[in-house]
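There are 2 protein chains.
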Amino acid sequence: MTSNIPEVVILRLPLYARVLRGLADRGEDVVSSQRLGDLLHSTPAQIRKDLSYFGRFGKQGRGYRVDHLLRELRQIMGLERQWSVILVGVGQLGKAILTYGGFAPQGFHVVAAFDSDQSLVGTSVGSLTVQASGELAETVKQHQPQLAIVAVPGHACQSVVDMVVRAGIKGILNYAPHQAQVPEGVWVRDIDPVGALQSITYYLKPNGS
Amino acid sequence: MTSNIPEVVILRLPLYARVLRGLADRGEDVVSSQRLGDLLHSTPAQIRKDLSYFGRFGKQGRGYRVDHLLRELRQIMGLERQWSVILVGVGQLGKAILTYGGFAPQGFHVVAAFDSDQSLVGTSVGSLTVQASGELAETVKQHQPQLAIVAVPGHACQSVVDMVVRAGIKGILNYAPHQAQVPEGVWVRDIDPVGALQSITYYLKPNGS
DNA sequence: TGCAGTCTGTGAAGTTTGTCACGAATTAGG
DNA sequence: CCTAATTCGTGACAAACTTCACAGACTGCA
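Have a look at this one:
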C-alpha cells in the first residue's frame, strides 16, 4: 500500500521544517500560511493544502503555532528519533561529508565509513576508522543503520548500491553521478551539483533577459 | 518572454546528457528511447516527448545517434562553452568544493574564492588565493563570471546572495540551508543533503514494507 | 454581546505534466 | 521490390498537481 500523498509534498516538508526552525529561533509564536508562503517562495494555498494531507494544525483567524507545527512535521517525517547512517566512499567527498557538521544536529549520525581502497582502511577520519568494504554486511548487521550515503565514483555506484541494499539498507543518499537501480521499497535521493549548474546554464545561454 | 518549455524538462536534460556520455564512453553508436528509458528509470514516451520540445533528433526504426544527440543536448544547455564560477564561503564545505574535481571536466571553472573571515583571506586553497568578500564586486567586474557557488552558513546566505546578485551574477548554486530571495532573471538551485535525508525517512518511518 | 477583520481547511476548477497509441519513416531480409 | 519489424514524433487523452474561492472558526475591540 503506497500512500496517496504526492511525493512533491513530501519533498517540501523539510523546507517547511527548516523555515519553522528559523522562526522558532527568532522567538516567533505564530505564523500564517501567508507568511510561510513569503518565506518559502510558495503560496498560502499551497502550504495549507500540503499540511492538510496530514491533519489540521492551524487555527482560523490566527495561523499555526510555530513550535507545535514544527513538532508535528518532525513527527510526520520521522525525525523525532535518531537515524544511523553509514558512509561508503572515503575520498575527498566522503571525508568532507564525514567532517560536515550539518547532519548530526538533525539526528543523522554516521556510525561507520567504508572504502575499497586498502590504503585508506584503518585510517581515521573524524571520529571514525575506515573499514574495508568487505566488512559492510557484518557491520550493518551489528549496528542496524537505516541509511547509507554513497560517495564513490560513478562507475562504482551501482555495485556499491547493490551491496548496501543487500545488507538491508532502505534509504540512500547518492552523491555519485549515476542513476542507481534499486528494488521496490528502497529510496534514493541524488545530489547532483553539476547537473544543477547545467540546468541553470540553459537559462543563461541566450545571453540577455 | 519566458520560454514555454516546462522546467521539469530542463531539469532532466543533464541526466540525459550524463547517460549519453556513458553510452558514448562504452562506444555505443545508437540508442532507442526504450533503452534510454531503462537507463534513466523513465519511459520511452517521456524521453521522446522531452526531446521533441527542442527538435527532431531521432530516426524512425533506428533511434538516436548517441554522439549527435549528446552534442545537441550540450548545445541546448549551453555547455559548448566554458563557464566561470566564483565561490563564496571557504569553510570546510567551500574547501571541499574547490578541490572537487567534478566541475572542471564539465566546463565549470572556479576562478575566484571569497570569505569574510580575515584569517582565511590570503591563504591558498587548491590553485586559488582566498579573497576578502569586499573585493567581490571588483573581481566580478574583471573576470565576468556568470555563476556563483554559495557555501556559507544559513544565516549569511541571503546577504551573500544579495551581494553576488548586485555584482551581476545570474546563476547561483546554493549549498546553504536557506531559501534565498532573488530578483526575476536570477536562477538558484539548492543543494540540500539534509533535506534529502529527511524526505527519505518519511518513507522509512512506518517500519515495515 | 455583536461586529469587523483575519485566516484555516477544502471541494471544485484550472493548469501542468505524463502516457497512450498511431501514422510515418527506416531497416533488414528475402 | 515487397514485407515484417522497429522506432520516432505527436496529437489526444489521462493523471497529477496547483490555485481559487468560500464556509466556518477565531480574535479583538467597542
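Protein sequence lines, in the order shown, are assigned to chains A and B. For the first sequence, position 43 matches number 29 in my numbering, and the numbering has no gaps at all. For the second sequence, position 49 matches number 35 in my numbering, and the numbering has no gaps at all. For every residue, glycine included, the Cβ atom is placed at its ideal position computed from N, Cα and C.
CB-CB length for residue i against residue j, believed under 8 Å
i        : j        : result
B/Lys156 : B/Gly171 : 7 Å
A/Tyr161 : A/Ile177 : 5 Å
A/Pro114 : A/Ala98  : In the sequence under discussion, the amino acid at residue 114 of chain A is Leu, which differs from the Pro named in the question. The pair is a contact, with the Cβ atoms about 7 Å apart (cut-off 8 Å).
A/Trp69  : A/Leu133 : 6 Å
B/Gly87  : B/Leu65  : Going by Cβ atoms, the distance from B/Gly87 to B/Leu65 rounds to 17 Å, so no, they are not a contact pair.
A/Ile135 : A/Val71  : 6 Å
A/Arg51  : A/Asp15  : 7 Å
Straight-line gap, residue i to residue j (C-alpha atoms, nearest Å)
i          : j         : result
B/Met(-13) : B/Met63   : With a pLDDT of 46 at B/Met(-13), under the threshold of 50, the predicted position of this residue should be treated as unreliable, though the coordinate-derived value follows. C-alpha separation (whole angstroms): 18 Å.
B/Gly44    : A/Pro(-8) : 33 Å
A/Gly75    : A/Ala137  : 5 Å
B/Gly194   : B/Asp53   : Low confidence applies here, because B/Gly194 scores a pLDDT of 37, under 50, leaving its location unreliable and the question unanswered by this model.
B/Val17    : B/Ala153  : 43 Å
B/Leu6     : A/Leu73   : 28 Å
A/Gln61    : B/Val116  : 42 Å
A/Pro179   : B/Ala3    : 14 Å
A/Phe89    : A/Gln167  : 25 Å
B/Leu22    : B/Ser28   : 8 Å
A/Asp148   : A/Ala118  : 16 Å
B/Asp196   : A/Val96   : Given that chain B is displayed from residue -13 to residue 195, the structure contains no residue 196 of chain B and the question cannot be resolved.
A/Leu55    : A/Leu9    : 11 Å
A/Arg67    : B/Tyr189  : 14 Å
A/Gly77    : B/Ala82   : 11 Å
B/Ser110   : B/Val150  : 22 Å
A/Ser145   : A/Gly47   : 54 Å
B/Ile(-4)  : B/Asp11   : 24 Å
B/Asn(-10) : A/Ala182  : 20 Å
A/Leu84    : B/Thr125  : 33 Å
A/Arg(-2)  : A/Leu59   : 11 Å
B/Gly49    : B/Tyr39   : 17 Å
A/Arg34    : A/Leu26   : 13 Å
B/Gly112   : B/Ile158  : 21 Å
B/Ser105   : B/Cys143  : 20 Å
A/Gly41    : B/Gly41   : 46 Å
B/Arg57    : A/Arg57   : 49 Å
B/Pro169   : A/Pro169  : 42 Å
Chain-ordered chain B contacts of residue i [CB-CB under 8 Å]
i        : result
A/Leu175 : The question names Leu, but residue 175 of chain A is Arg in the sequence shown. Ordered by position in chain B, the residues that pass the 8 Å Cβ test against A/Arg175 are Ala182, Leu183, Ser185 and Ile186.
A/Gln32  : Going along chain B, no residue has its Cβ under 8 Å from A/Gln32, so there is no contact; the nearest lies around 14 Å.
Where residue i falls, given that 16 or more other Cβ within 10 Å makes a residue buried
i         : result
B/Pro192  : exposed
B/Gln130  : exposed
B/Asp36   : buried
A/Asp101  : buried
A/His164  : buried
A/Ser19   : buried
A/Pro91   : exposed
B/Lys127  : exposed
B/Gln184  : buried
A/Ala31   : exposed
A/Ala263  : Residue 263 of chain A lies beyond the range of chain A shown here (-13 to 195); nothing can be said about it.
A/Val(-6) : exposed
B/Gly108  : exposed
B/Gly120  : exposed
B/Gly13   : exposed
Chain A residues whose Cβ lies nearer than 8 Å to that of residue i
i        : result
B/His27  : Gln165 and Gln167
B/Leu212 : Missing from the structure shown is residue 212 of chain B; chain B here goes from -13 to 195 and no further.
Contacts of residue i in chain B (Cβ-Cβ under 9 Å)
i        : result
A/Leu133 : Leu183, Ile186, Thr187 and Leu190
Cross-chain neighbours of residue i in chain B, by beta carbon under 7 Å
i        : result
A/Arg42  : None at all; the shortest Cβ gap to chain B is about 19 Å.
A/Pro179 : Leu159 and Ile177
Residues, ordered as in the chain, of the region 74 to 96 of chain B that lie near chain A by beta-carbon distance below 7 Å: Flagged, chain order: Gln78, Leu79, Ala82, Thr85, Tyr86, Gly88, Phe89, Gln92 and Phe94.
What are the residues in the region 144 to 159 of chain A lying within 7 Å of chain B by C-beta distance? Those residues of the region 144 to 159 of chain A that come within reach of chain B (Cβ to Cβ, closer than 7 Å) are Lys156, Gly157 and Leu159.
Name the residues in the region 95 to 126 of chain B whose C-beta lies less than 8 Å from a C-beta of chain A; which are they? So the list is empty, because no residue satisfies the distance condition.
Identify each residue in the region 46 to 67 of chain B for which the Cβ-Cβ distance to at least one residue of chain A is less than 8 Å, and report them in chain order. Taking 8 Å as the Cβ-Cβ cut-off against chain A, the residues of the region 46 to 67 of chain B that qualify are Ile62, Met63, Gly64 and Leu65.
Please list, in chain order, the residues of the region -7 to 19 of chain B that have any C-beta partner in chain A closer than 9 Å. For the region -7 to 19 of chain B, residues whose beta-carbon sits nearer than 9 Å to a beta-carbon of chain A comprise Glu(-7), Ile(-4), Leu(-3), Arg(-2), Leu(-1), Pro0, Leu1, Ala3, Arg4, Val5 and Gly8.
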